[in-house]
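Here the protein sequences come in this chain order: B and Y.
So the first sequence is numbered by my numbering: it starts at 320 and just counts up by one.
So the second sequence is numbered by my numbering: it starts at 335 and just counts up by one.
Every residue, glycine too, gets a C-beta built ideally from N, C-alpha and C.
Bear in mind the structure is a predicted one, so any value in this text is a computation, not a measurement.
First up is the structure itself, then whatever we jot down about it.
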Amino acid sequence: MTKLTPVLSAHWDEKDSFTIDAYKRHGGYEASKKALAMDPDAVIQLIKDSGLRGRGGAGFPTGMKWGFIPQGDDKDHYLVVNADESEPGTCKDMPLLMANPHVLVEGCIIASHAIRAKKAFIYIRGEVTHVVRRLNQAIEDAYKAGHLGNGFDLVLHVGAGAYICGEETALLDSLEGFRGQPRLRPPFPAIAGLYARPTVVNNVESISAVPAIIANGAEWYQSMGTEKSKGATLYSLSGHVKNPGQFEAPLGITLREILELAGGVRAGHKLKFWTPGGSSTPIFTDAHLDTPLDYEGVAAAGSMLGTKALQIFDETTCVVRAVLRWTEFYKHESCGKCTPCREGTWWLVQILRDLEAGKGTEADLEKLLDLCDNIMGRSFCALGDGATSPITSSIKYFRDEYIAHLTNGGCPFDSTKSTLFAGVNA
Amino acid sequence: MAFTTEELSTMDSIIKRYPRSRSAIMPLLHFVQSRAGYVTNEGIEKIAELLSIETAEVSAVATFYTQYKRKPVGEYHVGVCTNTLCAVMGGDAIFASLKEHLGIENDGVTADGKVSLEHIECNAACDYAPVVMANWEFYDNQTVESAKSLVDGARAGNPPAPTRGPNKLVTWKEASAVLAGLNDGRAHEGVQAGEPSLLGLKLSKEGK
Ligand SMILES: Cc1cc2nc3c(=O)[nH]c(=O)nc-3n(C[C@H](O)[C@H](O)[C@H](O)COP(=O)(O)O)c2cc1C
Ligand code: SF4
Ligand code: FES
């Protein structure tokens, strides 16, 4: 049985854990002191050695990303933290920032030193007023305590409700004051990012992992996780389980283990399908309970670790309804820049609506797959690819259920049975 | 609505956060909403003037993002998460019953101007599903009944406090000021985390 390893979440149970005093009680701002005394390249090397990989979805090695920033180029460099957290199912960065915003502030200090940035931005989604308060206060308090200022500035930038702004180049356009639409790459942000200057974009959890790695060393971090997926990470369990919540564990833990910790699927029900890393990652079924939840293990089983957003659905849930709702999300959030995604997601929704209502024919399933084929890999950014994941994976595992809607002339499920209040109030 | 000297100086300080002034569009739009309740034409004109860009460029940004409203919303803007997980867990039922209870549709405002309603996408709180947001504060683990008492309280001027948020639900305008980056002094209020956020930590302390 894999043991839980709370690092980021270690002190969340202390009242007022979000204050600078609470953070300092546990060695807060000692790691940045240590890092600032190190050569920037040595900091980058240490993060490379630790094996830390990006926690925003793609799992790109963090130290390597920092190493791409040109040195001695006399240009301004920027660190931009991606706190947009909008991938459906993903709910780790917001509780982290609510309970311990200072760990991100300290991570920013260290990362900016490593990449020689004098200014960093945190781009946070706009729909979280209290998280914004906590982070803003943390930054103010870090200035007052002298951890910020003196040549390094940290600015909080609040978004305004657009999932696409989590895509790193759309985020940069948004931060520059434009509509958030992805940019053509190359040039990559490391060469021409914010204001066309060398820029590192990292997820909240990636940067927040840095202070502990500096404090405890690369070997310590390496000692957790699997061969190519090192360290511990936040797994977010939601949906039809007895006790949903956050589980910080070494990479490679399985859903079976996490479910056991959570008291299992809600009483009297059984697992039907789940997402390993948010709605953009192909769904899994109970056949994948023992898949190691690391980057390689999930990929080998045909999905992606993504954001480790484990959304659990039991047998009361209609998979067609679930997929339609996700598809409506992608259609709504498509930025409109490229045709395959803008038009494609619109058609996907039309066909799925008909299928849910029992109005289509079996040939529509082939049409759906054909459309997905034309969107996947042909869209300008990964939003389009992500939109196809729920559809193709659900048809793979649950084709019969689509057909049942057709033979039944509509949805065979009673949606009240899936609610948390199981039909009592519905 | 003319801007006061104090407001202009706040707007100036927002612009100064950035190496390039245009980056201030988003916080300035939040700031305009904190004064007028929505993005007014005067607000757009003022932002364009301050940033030396065209009003069309400011409008193009304002219309791209769903949190910027081009017409007034309620003093308490209520968003029901109907993304897949919340929808399945009860969000659809909550949204349907609030529409009926308030007699308004999606994006509607009650006649007294107190409450507006919108269905929203995943709000990064799925372990607290079904989730309702009011002025973008968290109301976790909602039921049809709890959501109704939230809007009833809001209409009567005493909404219940958020589950994870300040001790009191602030108004739409006040929340917009926070999103513009202004400190309302309430960061220390409320819990540091809810139970689901602490579950793994608790189990680990039990040796798991
Ligand atoms: C549509 C879309 C939405 C994304 N949303 C987020 C997000 O909310 N937060 C995040 O950190 N990364 C998000 N990403 C991934 C980012 O583009 C980027 O890879 C990431 O921020 C890099 O940080 P990391 O290397 O630390 O993981 C998104 C990507 C896409 C295509
Ligand atoms: S794939 Fe979708 S979100 Fe990405 S650029 Fe194209 S239209 Fe925009
Ligand atoms: S689906 Fe509602 S908060 Fe994530």
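Counting only beta-carbon distances shorter than 5 Å to the non-hydrogen atoms of ligand 3, the qualifying residues in chain order are Cys415/Y, Asn417/Y, Leu419/Y, Cys420/Y, Cys456/Y, Asn457/Y, Ala459/Y, Cys460/Y, Val465/Y. Note on geometry: alpha-carbon atoms of histidine 396/B and glutamate 487/B lie some 16 Å from one another. A residue is called buried once 16 or more other Cβ atoms fall within 10 Å of its Cβ, and isoleucine 428/Y is buried on that count.
At least one beta carbon of chain Y lies nearer than 8 Å to the beta carbon of leucine 580/B. Among the bridge pairs identified by DSSP, leucine 475/B is matched with Ile441/B. Looking at the DSSP output, alanine 568/B bridges to Thr552/B. Taken from the Cβ of leucine 702/B, at least one heavy atom of ligand 2 lies inside 7 Å. Distance from the CA atom of alanine 468/Y to the CA atom of tyrosine 649/B, rounded to whole angstroms, is 24 Å. Proximity of the beta carbon of lysine 384/B to ligand 1 is indicated: a heavy atom of the ligand is located closer than 7 Å.
For arginine 520/Y, at least one C-beta of chain B is nearer than 8 Å to its own C-beta.
Going by beta carbons, valine 412/Y and tryptophan 506/Y fall outside the 8 Å limit.
Our two residues, alanine 489/B and arginine 502/B, have alpha carbons roughly 6 Å apart in a direct line. Comparing alpha-carbon positions, the option among Glu652/B, Ile441/B, Leu688/B, Arg640/B lying closest to histidine 724/B turns out to be Arg640/B. The beta carbon of lysine 403/Y lies closer than 6 Å to those of Tyr372 in the same chain, with the five residues before and after it left out. The nearest non-hydrogen atom of ligand 1 is less than 7 Å from the C-beta of valine 520/B.
For the C-beta of lysine 589/B, not a single chain Y residue is nearer than 7 Å; the gap to the nearest is close to 16 Å. Valine 642/B has its alpha-carbon roughly 19 Å from the corresponding atom of threonine 726/B. With fewer than 16 other Cβ atoms from the protein chains shown falling within 10 Å of its own Cβ, glutamate 340/Y counts as exposed.
In this structure proline 517/B touches lysine 394/B by the C-beta definition: roughly 6 Å separates them, less than 8 Å. Between the stretch 465-480 of chain B and the stretch 350-364 of chain Y there are three or more inter-stretch CB-CB distances shorter than 8 Å, so the stretches are counted as touching. A distance criterion of 7 Å places the beta-carbon of glycine 655/B in contact range of ligand 2, judged by its closest non-hydrogen atom. DSSP links aspartate 426/Y through a beta bridge to no other residue. Within 10 angstroms of the beta-carbon of alanine 354/B lie 16 or more other beta-carbons, which makes it buried. The three-state reading of DSSP puts glutamine 526/Y in coil, since its state is none of H, G, I, E or B.
Around the beta carbon of threonine 397/Y, fewer than 16 other beta carbons lie within 10 angstroms, which makes this residue exposed.
Annotation: the continuous beta strand (DSSP E) that includes aspartate 633/B extends over 628-633. The Cβ of tyrosine 721/B sits no closer than 8 Å to any Cβ of chain Y.
Under DSSP, alanine 641/B forms no beta bridge with any residue. Here the alpha carbon of glycine 468/B sits roughly 23 Å from the alpha carbon of histidine 522/Y. Your pair leucine 419/Y and alanine 463/Y checks out as a contact, with CB atoms roughly 5 Å apart and the cut at 8 Å. Residue environment analysis places threonine 338/Y among the exposed positions, since fewer than 16 neighbouring C-beta atoms fall within 10 angstroms of its C-beta. Under the Cβ distance rule, alanine 481/B counts among the residues neighbouring chain Y, one pair being separated by less than 8 Å.
Closer than 7 Å to some heavy atom of ligand 2: that describes the Cβ of glutamine 500/B.
By the CB criterion at 8 Å, glutamate 681/B and isoleucine 722/B fall inside the cutoff. Isoleucine 510/B has its CB no nearer than 7 Å to any heavy atom of ligand 1. Counting only residues of its own chain and dropping the five nearest sequence neighbours on each side, lysine 549/B has a CB closer than 8 Å to the CB of Ser369, Gly370, Leu371, Arg372, Tyr540, Gln541, Met543, Leu570.
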